[in-house]
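K.L.:
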Amino acid sequence: MKIAIIGSGHVGLTTGICFAEKGHEVICVDHDTDKLARLRNGEVWFFEPKLPELLKKHHSSKRLRFTDSTAEAVKFASVIFICVGTPTGESGKADMRYVEKVARDIAETMTDYRLIVEKSTVPIMTGERVKSTILRYVRGDAHFDVASNPEFLREGSAIDDTLKPDRIVIGVDSAKAETLLREIYAPFEAPMVVTSIGSAELIKHASNSFLALKISFINWIARVCEQSGADVHEVARGMGLDARIGAAFLNAGIGYGGSCFPKDVEALAAISEELGVEAPLIRLISQINREQRERFFEAIQHELWVLQDKTIALWGLSFKPNTDDLREAPSLWLAQRLLKAGAKLRVHDPVAMPAFKRAISDVYFAKDPLDATSGADALVLCTEWPQYREVDLAKVKATLRVPLIFDGRNCLDRRQAEELGMTLIGVGKQRIGPRGKH
Ligand code: UDX
């Protein structure tokens with residue numbers, strides 16, 4: 337089938353390339369001329385494993401092309417996926433300006449039936465808004481359907497998550513829309529869930545908020561561990577073996593980041609309250625997450641007593657491994673707090689240093705992990721890149737001025753560190769910070 341993708345970022349580009357991989361003919365739209373030029377040149381402008389190879393493959397397969405014209409895409413394809421951003425706006429509400437603009441652009445250029453599909457993560461009731469917007473601005477024949485088809489891709493495994501999803505959710509309110517989406521997804525082997533448009537929109541926000549809830553729950557349990565001598569890894573292992581709970585997303589740490597969890601949790605709370613449904617549980621997910629990085633900073637400050645003029649090595653800048661994405665990364669917040677307190681930073685990340693430099697430049701960018709720890713008064717780990725687990729802690733001790741490590745992802749070998757006489761402070765592993773209310 338011919339498919340149009342409006343918005344060629346992490347979601348749109350991945351979705352378009354995977355549709356091409358499954359044999360569809362795809363046109364991707366992006367209004368950023370620099371990004372468009374790089375994509376036309378076969379270059380992915382962000383780090384995502386497998387994406388560059390597939391982009392090159394479908395450049396030559398001629399099943400994938402790029403344009404800056406929504407009109408051209410609307411003319412080419414009968415099914416149009418909206419993949420533009422829905423960033424956090426005031427009071428946590430999703431900012432829908434980009435989705436609304438695409439709906440208007442489609443309305444003003446369509447001349448016969450089109451299926452407009454919300455792929456972007458949108459608050460429930462957006463489908464109705466898209467419908468009324470198109471009805472208001474359409475010039476020609478007003479035959480169209482709107483559907484919701486949320487994505488569940490994770491950065492760092494976006495291709496696999498899209499080609500082999502746990503499930504495909506389609507929210508439709510017409511047989512024609514369902515038939516078209518079934519045809520598009522026929523080459524994908526995955527259970528298909530067909531719902532109303534609203535249910536499909538809510539499935540996405542509910543799924544991400546539940547995953548974030550698991551993380552904030554285990555991070556709260558970590559606080560109880562720190563004050564009681566329990567070990568959060570042991571607790572998580574004992575919990576996760578219950579099939580009803582599951583082990584995934586029970587890793588305590590400095591808290592979640594990324595372009596999805598923070599904004600989706602806030603957006604769900606905001607839309608719920610707008611609908612008259614109080615959302616204290618959802619608000620708590622974000623509150624615990626914010627506190628998690630603040631408590632980690634306080635633990636560093638408490639242990640070092642004075643941060644002014646201290647040199648601190650920072651391992652891991654991206655919000656999680658296998659991405660160069662810094663959006664809502666705990667490392668960015670922590671780096672700014674440490675710099676504000678007068679510390680000097682020696683930072684390292686396998687891929688995210690160029691992106692980090694665009695945000696914070698007055699730090700030392702290390703050539704490798706041991707260059708970062710050289711002469712530092714402490715090592716702070718924010719992102720559990722596999723490279724850091726492989727570093728010989730004896731060499732880390734030899735390069736540090738003080739054998740002190742703060743492990744924000746509980747990923748370094750605690751036993752080896754203690755055998756080397758190092759102090760390793762994790763999350764939920766021992767008492768941290770000053771006594772008192774936590
Ligand atoms: C998430 C959802 O997983 C995905 O389904 C949705 O489509 C988009 O949002 P993503 O944000 O790319 O994907 O990353 P994910 O792997 O979910 O991790 C999110 C954050 O949670 C990261 O900061 C990670 O460090 C943190 N995390 C994850 C924890 O702190 N503990 C865990 O146990 C798991």
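According to the working numbering, the sequence shown holds residues 337 to 774 in order.
Every residue, glycine too, gets a C-beta built ideally from N, C-alpha and C.
(1) Between the C-alpha atoms of residue 522 and residue 458, what's the straight-line distance to the nearest angstrom?
(2) Could you tell me whether the Cβ atoms of residue 548 and residue 508 are closer together than 8 Å?
(3) Can we say the region 713-725 touches the region 638-654, given the rule of at least three CB pairs closer than 8 Å?
(4) Does the beta carbon of residue 778 fall short of 7 Å from some heavy atom of ligand 1?
(5) Pop quiz: residue 752 and residue 736 are said to be a contact at Cβ under 8 Å. What is the actual Cβ separation, rounded to whole angstroms?
(6) Regarding residue 490 and ligand 1, is the C-beta to nearest heavy atom distance less than 7 Å?
(7) Give me the DSSP bridge partner(s) of residue 654.
(8) Just checking, does the region 363-377 make contact with the region 449-458 on the three C-beta pairs under 8 Å criterion?
(9) Please state if the CB of residue 435 and the CB of residue 415 are separated by a distance shorter than 8 Å.
(10) Should residue 674 go down as buried or exposed, given a rule of 16 or more other Cβ atoms within 10 Å for buried?
(11) Under a Cβ-count criterion, where at least 16 other Cβ atoms within 10 Å of its own Cβ denotes burial, should residue 487 be classed as buried or exposed?
(12) How long is the line joining the alpha carbons of residue 738 and residue 356, rounded to whole angstroms?
(13) Using only the alpha-carbon positions, how far apart do residue 593 and residue 701 sit?
(14) Using only the heavy atoms of ligand 1, determine whether one of them is closer than 7 Å to the beta carbon of residue 618.
(15) What span of residues does the beta strand (DSSP E) with residue 481 cover, start to end?
(16) Could you give the residue range of the alpha helix (DSSP H) that holds residue 731?
(17) Could you tell me the alpha carbon to alpha carbon distance between residue 625 and residue 555, rounded to whole angstroms?
(18) Please report how far the alpha carbon of residue 491 lies from the alpha carbon of residue 384, in whole angstroms.
(19) Could you pull the DSSP bridge partners for residue 504 from this structure?
(20) Where residue 663 and residue 598 are concerned, what is the direct C-alpha to C-alpha distance, given to the nearest angstrom?
(21) How many whole angstroms separate the CB atoms of residue 422 and residue 432, which I take to be in contact at a CB cut-off of 8 Å?
(22) Just to confirm the assignment, what range does the beta strand (DSSP E) spanning residue 714 have?
(23) Which residue from 349, 646, 589, 427 puts its Cα closest to that of residue 678?
(24) Check whether the Cβ of residue 596 sits closer than 7 Å to any heavy atom of ligand 1, and report yes or no.
(25) Could you check if residue 576 belongs to the surroundings of ligand 1, using beta carbon to heavy atom distance under 7 Å?
P.N.:
Walking through what the data contain:
(1) 25 Å
(2) no
(3) yes
(4) The shown model of the chain, from 337 to 774, leaves out residue 778, and the question about it has no answer.
(5) Contact flag wrong, Cβ pair sits at about 15 Å.
(6) Within 7 Å of the C-beta of residue 490 there is at least one heavy atom belonging to ligand 1.
(7) Residue pairing by DSSP places residue 654 in no beta bridge whatsoever.
(8) no
(9) no
(10) buried
(11) buried
(12) The alpha-carbon of residue 738 is positioned some 53 Å away from that of residue 356.
(13) 22 Å
(14) no
(15) 480-484
(16) 729-735
(17) C-alpha separation (whole angstroms): 8 Å.
(18) 7 Å
(19) Answer is 528.
(20) Each residue's Cα considered, the two are about 10 Å apart.
(21) 6 Å
(22) First-last of the beta strand (DSSP E) with residue 714: 714-717.
(23) Residue 678 has its Cα closest to that of 646, out of 349, 646, 589, 427.
(24) yes
(25) no
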